[in-house]
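Novice: Position one of the sequence shown corresponds to residue 511 (the working numbering), numbered consecutively onward.
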Amino acid sequence: MGSTVIKEALAIHGGSPVRKTLLPYGRQSISEEDIRAVVDTLRSDWLTTGPKVGEFEEAVAAWAGAKHAVSFSSGTAALHAAAFAAGLAPGDEAITTPLTFAATANCVLYQGATPVFADVCEDTLNIDPNEIAKKVTSRTKAVLPVDYAGHPADLDGVVEVAERHGLTVIEDACHALGAEYKGRKVGSLARMTVFSFHPVKHLTTGEGGLVTTERADLADTLRKFRNHGIDTEARQRQANGQWHYDMVLLGFNYRLTDIACALGLEQLKRLEANLARRREIAARYMAAFDGVPGVRVPAVRKEANPAWHLFTIRVSGRGMDRGEVFRALRAENIGVNVHYVPVHRHRYYRDRFGYGGGEFPVAERAYDQLISLPMFHGMTDSDVDDVIRAVTKVAGHWA
Ligand SMILES: Cc1ncc(COP(=O)(O)O)c(C=O)c1O
511 MGSTVIKEAL AIHGGSPVRK TLLPYGRQSI SEEDIRAVVD TLRSDWLTTG
561 PKVGEFEEAV AAWAGAKHAV SFSSGTAALH AAAFAAGLAP GDEAITTPLT
611 FAATANCVLY QGATPVFADV CEDTLNIDPN EIAKKVTSRT KAVLPVDYAG
661 HPADLDGVVE VAERHGLTVI EDACHALGAE YKGRKVGSLA RMTVFSFHPV
711 KHLTTGEGGL VTTERADLAD TLRKFRNHGI DTEARQRQAN GQWHYDMVLL
761 GFNYRLTDIA CALGLEQLKR LEANLARRRE IAARYMAAFD GVPGVRVPAV
811 RKEANPAWHL FTIRVSGRGM DRGEVFRALR AENIGVNVHY VPVHRHRYYR
861 DRFGYGGGEF PVAERAYDQL ISLPMFHGMT DSDVDDVIRA VTKVAGHWA
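1) Between residue 589 and ligand 1, is there a pair consisting of the residue's CB and a ligand heavy atom that are separated by less than 7 Å?
2) What is the DSSP secondary structure of residue 834, counted as helix, strand or coil?
3) For residue 904, is the classification buried or exposed, using 16 other Cβ atoms within 10 angstroms of its Cβ as the cut-off for buried?
4) Does DSSP put residue 887 in a helix, a strand or coil?
5) According to DSSP, which residues form a beta bridge with residue 533?
6) For residue 623, which option in 548, 874, 596, 603 has the closest C-alpha, if you only look at C-alpha atoms?
7) Return the residue from the list 527, 879, 868, 704 that minimises the CA-CA distance to residue 584.
8) With contact counted as at least three CB pairs below 8 Å, one residue from each stretch, are the region 662-669 and the region 685-694 in contact?
9) Does residue 593 come out as helix, strand or coil in the three-state DSSP assignment?
10) Take the Cβ of residue 511 as the centre, count every other Cβ of all protein chains shown within 10 Å, and call the residue buried at 16 or more, exposed below.
11) When every heavy atom of ligand 1 is checked, does at least one fall within less than 7 Å of the C-beta of residue 581?
12) Just to confirm my understanding: we take residue 787, look at its own chain, exclude 5 residues before and 5 after, and list those with CB closer than 6 Å. What are they?
13) What's the gap between the Cα of residue 674 and the Cα of residue 637?
14) Put residue 616 into one of helix, strand or coil per three-state DSSP.
15) Going by DSSP, which residues form a beta bridge with residue 565?
16) Given this structure, state the Cα-to-Cα distance separating residue 867 from residue 587, to the nearest angstrom.
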């Protein structure tokens, strides 16, 4: 049974706020071991593309149950590389969800191809395989499902449509390191899986990203792409006493540093504990908000074990307005956020592709109701209590 609503003056109306200081919606946790590992690397011979990069990639691949892992300077760079490795080029189309961070669709544009959006499922807010099927044309080359908030997309459904039409699946798992689908971790379920190590994620390298794949040829292309398209790495050449290298494709400098990977290796040791803590917080929120009028908690499908990058509620009914609820929670010093402004509603996409709004009703209705509550593994029990108290108090105003 959920919490009963609380009837008291909201901070936005002059009442006292639930907290004295703002609780952010997400933040990193850095330990003394993390700091020592970074300092040790600063004292070592390699600041970039040294031994830590390979160690980190192998450790993440082993952890996620994937054959190959290639690191990048950000999740966005990793998405760009995956779009390149999938062969996306001008004239091609790639289908993705509108309810994501712009980077998911932008990586298609970087390759000169066209992103095409398909609406999401009402329960998980992940891309709907039936909607993907409706958007496939002779130009479609790839599909990019996003594991929204850390809940894996309907991967069987997506892969089935992709196989039927010969499309490459690039799973944007930037929210979903450690999420499970039918008992398997995401990371080996799509042709390529993309992760982000931004500070609000389950594991951070400051900025950073990574692609996992089962295919050696794709891993090789991804490695070249992040290093200007050059066929060998500087460390390899140094070890072989060799100076010559060949640039074989047009790549970028998207390398992740040894400094960042040293941090990532330490963070990886705590990843299981971080996931467990996020799942504990999600379970407390679920129980507390069950039955609170006007508040809808996220759905979890039976085949999914989410990684809970975000915990999003949907507020509606009883005259509740998301904007007002958002401002009321901020006044209580709860650092709520909204994920996401649907990509096609950004000015750039409207101007370039002529979207007028209303094209993706499920995603757009969800956007009008969504609020992301604080969710990070460093939250204390009392932080969680504050969020629960603030949500029940604010919802109580409309009850
Ligand atoms: C769904 C999604 N894809 C891609 C990215 C880009 O990752 P990064 O910030 O590491 O570039 C993000 C960023 O948070 C994201 O949420």
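Every residue, glycine too, gets a C-beta built ideally from N, C-alpha and C. Just so it is clear, the structure is predicted and the values come from calculations on it, not from any experiment.
Specialist: Checking against the coordinates, here is how it stands:
1) It does: the Cβ of residue 589 is within 7 Å (strictly closer) of some heavy atom of ligand 1.
2) helix
3) buried
4) coil
5) 844
6) 603
7) 704
8) yes
9) helix
10) Confidence at residue 511 is low in this model, with a pLDDT of 48, below 50, so its placement is unreliable and the value that follows should be read with caution. Classification of residue 511: exposed, given that the 10 Å Cβ count is below 16.
11) Residue 581: no, Cβ never under 7 Å from ligand 1.
12) 887
13) So the alpha carbons of these two residues sit roughly 17 Å apart.
14) helix
15) In the DSSP output, where bridge partners are listed per residue, residue 565 has none listed.
16) 29 Å
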